[in-house]
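Student: In the working numbering, the protein residues as written are 66 to 292.
Spelled out as structure tokens, the structure:
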């Protein structure tokens, strides 16, 4: 399984890195949306149970956070693609799936942090361009743009490849420890209900915030008295 999964991680990493370039190099409509990526992944792999469920979850979960000005939102493609690929390979269920979902969520913030670092790294080229403009020197943007895209592609490839393999073997280890525990099943309505937090917050209506908080408090009280 070792060499086989390393090869698959490389292929998945190439696809992921290419998808990430749609955020900067070319923006063909809704290609970088979680639901679109999930639909294409389902068509290619026929893993519809996971593809549609995860696509809806991540589409709603990050709905409140979008790029505006210098703000870099969480990298919604990163945790989504980790979930899609690992679920396709391992077909996790129950506790395994929920653990995978929780483990991958922080990668959205890791991805946005790396994009921020990459942007800061481009400051030198930006200053050189401004200097050339002010001094009427000739300059070419194409090499700088291509170099920046190659750096971003390589960075995304490396981080996805290593993250996929680490999470893959962590989940295998956890799965071995939890063998026989089949009492918990994947409940997509429950998962989607959690993701609705993003949809409610995106409305920017104070009343909705109050209702959401009240609902959580009510659920906590009910669960507290359920034996």
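All residues carry an ideal CB built from backbone N, CA and C; glycine is no exception.
Closest by CA to residue 82, which one among 252, 262, 223?
Tutor: Minimum Cα distance to residue 82 is reached at 223.
Student: Which word fits residue 114, buried or exposed, when buried means at least 16 other C-beta atoms lie within 10 angstroms of its C-beta?
Tutor: It is exposed - the Cβ of residue 114 has fewer than 16 other Cβ atoms within 10 Å.
Student: The alpha helix (DSSP H) that contains residue 169, what's its start and end?
Tutor: Residue 169 -> alpha helix (DSSP H) spans 160-169.
Student: Once you ignore the five residues that flank residue 181 on each side, which residues in its own chain have a CB closer than 7 Å to its CB?
Tutor: Correct list, in chain order: 137.
Student: Taking the alpha helix (DSSP H) that residue 184 falls in, what are its first and last residues?
Tutor: Its alpha helix (DSSP H) spans residues 172-186.
Student: Express the C-alpha separation of residue 201 and residue 68 in angstroms, rounding to a whole number.
Tutor: Their backbone Cα atoms lie some 54 Å apart in a straight line.
Student: Give a yes or no on whether the C-beta atoms belonging to residue 147 and residue 174 are separated by under 9 Å.
Tutor: Taking 9 Å as the Cβ cut-off, residue 147 and residue 174 do not qualify as a contacting pair.
Student: Quick one: Cα of residue 192 to Cα of residue 85, how far?
Tutor: Between residue 192 and residue 85, the C-alpha separation is close to 25 Å.
Student: I'd like the list of long-range same chain contacts for residue 179, defined as Cβ closer than 7 Å, with 5 residues on each side in sequence excluded.
Tutor: Result list for residue 179: 220, 224, in chain order.
Student: Helix, strand or coil for residue 201, going by three-state DSSP, please let me know.
Tutor: The answer is coil: DSSP assigns residue 201 none of H, G, I, E or B.
Student: Within the same chain, show all residues whose beta-carbon is closer than 7 Å to that of residue 239, passing over the 5 residues directly before and after it, in chain order.
Tutor: So the list reads 161, 164, once near-sequence residues are dropped.
Student: Have a look at residue 168 and residue 218 and give me their C-alpha separation to the nearest angstrom.
Tutor: If I take the Cα positions, the gap works out to 23 Å.
Student: Using the three-state DSSP reduction, which class does residue 156 fall into: helix, strand or coil?
Tutor: Residue state, collapsed to three classes: coil.
Student: Within its chain, find whatever has a CB closer than 8 Å to the CB of residue 139; leave out the 5 residues flanking it on each side and keep chain order.
Tutor: For residue 139, where only same-chain residues beyond five positions count, the Cβ hits under 8 Å are 127, 130, 173, 174, 176, 177.
Student: I'd like the ranges of any alpha helix (DSSP H) spanning at least 4 consecutive residues and lying wholly in the region 71-122.
Tutor: Entirely contained in the region 71-122, the alpha helix (DSSP H) runs reaching 4 residues are, in chain order, 99-110.
Student: With a CB to CB cut of under 8 Å and the five nearest residues on each side skipped, what residues in its chain are close to residue 152?
Tutor: Around residue 152: 112, 115, 119, 162, 165.
Student: In chain order, what residues of the same chain lie with their CB nearer than 6 Å to the CB of residue 253, ignoring the 5 residues before and after it?
Tutor: So the qualifying residues of the chain are 118.
Student: So, under 8 Å CB-CB, residue 260 and residue 125 are touching, yes? Tell me the CB distance rounded to an integer number of Å.
Tutor: At roughly 4 Å, the Cβ-Cβ gap stays under 8 Å, so residue 260 and residue 125 are in contact.
Student: Which of helix, strand or coil does DSSP assign to residue 252?
Tutor: Here residue 252 sits in coil by DSSP.
Student: Answer with buried or exposed for residue 292, where buried requires no fewer than 16 other C-beta atoms within 10 angstroms of its C-beta.
Tutor: Note that residue 292 scores a pLDDT of 45, beneath 50, so its modelled location is shaky and nothing firm can be said.
Student: How about residue 122 and residue 157: do their beta carbons lie closer than 9 Å?
Tutor: Result no, Cβ atoms of residue 122 and residue 157 do not sit closer than 9 Å.
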